[in-house]
Amino acid sequence: MTQAQWMSLGFENPGGAKDGFSDCIAPNCPVGNVTLFDALEAANRLSAAHDPPLPACYTLRDCSGTAGNKMVCEAIGQTVASLYDCTGYRLPTEAEWEYAARAGTRTAFYSGDIRPVDGCKRDENLERIGWYCFNANRSTHPVGKKEPNAWGLHDMAGNVEEWVSGTFNGLGYGPSPQVDPGAVLHPTSGSRILRGGVFYAQSQVCRSSKRGQSGGHITLPGVGLRLVRTVF
């Protein structure tokens, strides 16, 4: 989601800088410094703004702070038994995100394999599709400037890491249905999942399979979101 899209929902622009890293500030820059709870509120607002309005997918309770600018909530929930059945805007599940990022590929990036595998070094395949520690110059960049994947999706590797609908349970995924996994959102705070890598990361962190994790309250440059809808 861009800063222009974010502000069209009635939010302030939360972008900023920390520890020498920063969000670029422009309408077509990706929004950063977004908490998980801000992201869920944005999904609900975008659903309400749709013509005709769509049902909200999430409930947020006992929230503090300003919506869209570092809001934190004590509990979150969903309005339907399975998130896949909600027709409004929502975060992708982890499975949906990786499926979309890969666009049918099985390599480290949708542009090819990773090389080299460690250090902040130039990776030819990642260079074509994403912003990372070698080329980003410590800042996010406007969206859509690198090659998309086969399904036309940009910035699925690097630039901003994106909240997805899931809870981090160690190195493994834990028990889950083989079809439509991640249909239920964990209601309380905990370690949540971020996908896609980020502009200050090494190439290995930007792989399609790489899982990031953080508390839902975290606000950092380069932490943003991408919303989806179920198509019936």
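Taking this note's numbering, I'd label the letters of the sequence shown as residues 146 to 377.
Just so you know, even glycine gets a beta-carbon here, dropped at the ideal spot from N, CA and C.
Nothing here was measured: the structure is a model prediction, and the numbers come from that model.
Legend entry - For residue 258, three-class secondary structure by DSSP: Mapped onto the sequence shown, residue 258 falls at position 113. Coil at residue 258, not helix or strand.
Legend entry - Status (buried if at least 16 other CB within 10 Å, exposed otherwise) for residue 367: To locate residue 367, count along the sequence shown from 1; it is residue 222. Under this definition residue 367 is a buried residue.
Legend entry - Neighbour-count burial assignment, residue 397, 16 or more Cβ in a 10 Å radius: This structure cannot speak to residue 397, because the chain is shown only from 146 to 377.
Legend entry - Cβ contact (3+ pairs, closer than 8 Å) linking the segment 330–340 and the segment 282–297: no
Legend entry - Euclidean distance between Cα positions of residue 254 and residue 228: Mapped onto the sequence shown, residue 254 falls at position 109. Mapped onto the sequence shown, residue 228 falls at position 83. Those two C-alpha atoms are separated by around 27 Å.
Legend entry - Beta-carbon gap between residue 333 and residue 231 smaller than 8 Å: Residue numbering aside, residue 333 sits at position 188 when the sequence shown is read from its first letter. Residue numbering aside, residue 231 sits at position 86 when the sequence shown is read from its first letter. No, the Cβ-Cβ distance between residue 333 and residue 231 is not below 8 Å.
Inset, instruction - Pair every Cβ in the segment 345–353 with every Cβ in the segment 174–185, then say whether three or more of these pairs are closer than 8 Å. - result: no
Legend entry - Best match in 346, 166, 148 for proximity to residue 213 [C-alpha to C-alpha]: Against the sequence shown, residue 213 aligns to sequence position 68. Here the closest residue by C-alpha is 148.
Legend entry - Segments of 3+ residues assigned as beta strand (DSSP E) that fall wholly inside the segment 284–334: 306–312
Inset, instruction - Could you say which of 330, 276, 151, 235 lies nearest to residue 221 if we only look at CA atoms? - result: As a working mapping, residue 221 is identified with position 76 in the sequence shown. Among 330, 276, 151, 235, the Cα nearest to that of residue 221 is on 330.
Inset, instruction - Grab the span of the beta strand (DSSP E) containing residue 203 for me, first residue to last. - result: For the purposes of this step, residue 203 is identified with residue 58 of the sequence shown, where counting begins at 1. Counting along the chain, the beta strand (DSSP E) containing residue 203 begins and ends at 203–211.
Inset, instruction - Mark residue 282 as exposed unless 16 or more other C-beta atoms lie within 10 angstroms of its C-beta, in which case mark it buried. - result: Against the sequence shown, residue 282 aligns to sequence position 137. Residue 282 comes out exposed.
Legend entry - 6 Å Cβ shell around residue 357 - same chain, five flanking residues per side excluded: As a working note, residue 357 is residue 212 in the sequence shown. 306, 339.
Legend entry - As assigned by DSSP and simplified to three states, the class of residue 189: Position 44 of the sequence shown, counted from the start, is the residue given in the question as residue 189. Here residue 189 sits in helix by DSSP.
Legend entry - Range covered by the beta strand (DSSP E) that runs through residue 216: In the sequence shown, residue 216 corresponds to position 71, counting from 1. Counting along the chain, the beta strand (DSSP E) containing residue 216 begins and ends at 214–223.
Inset, instruction - Just the C-alpha distance for residue 369 and residue 211, rounded to the nearest angstrom, thanks. - result: Locating residue 369 in the sequence shown gives position 224, counting from the first residue. Locating residue 211 in the sequence shown gives position 66, counting from the first residue. Taking the straight line from one Cα to the other gives about 17 Å.
Legend entry - Proximal residues to residue 159 (C-beta, below 6 Å), its chain only, five neighbours per side dropped: Counting from one through the sequence shown, the residue named residue 159 turns up at place 14. Closer than 6 Å at the Cβ level, and outside the excluded window around residue 159, lie 178, 214.
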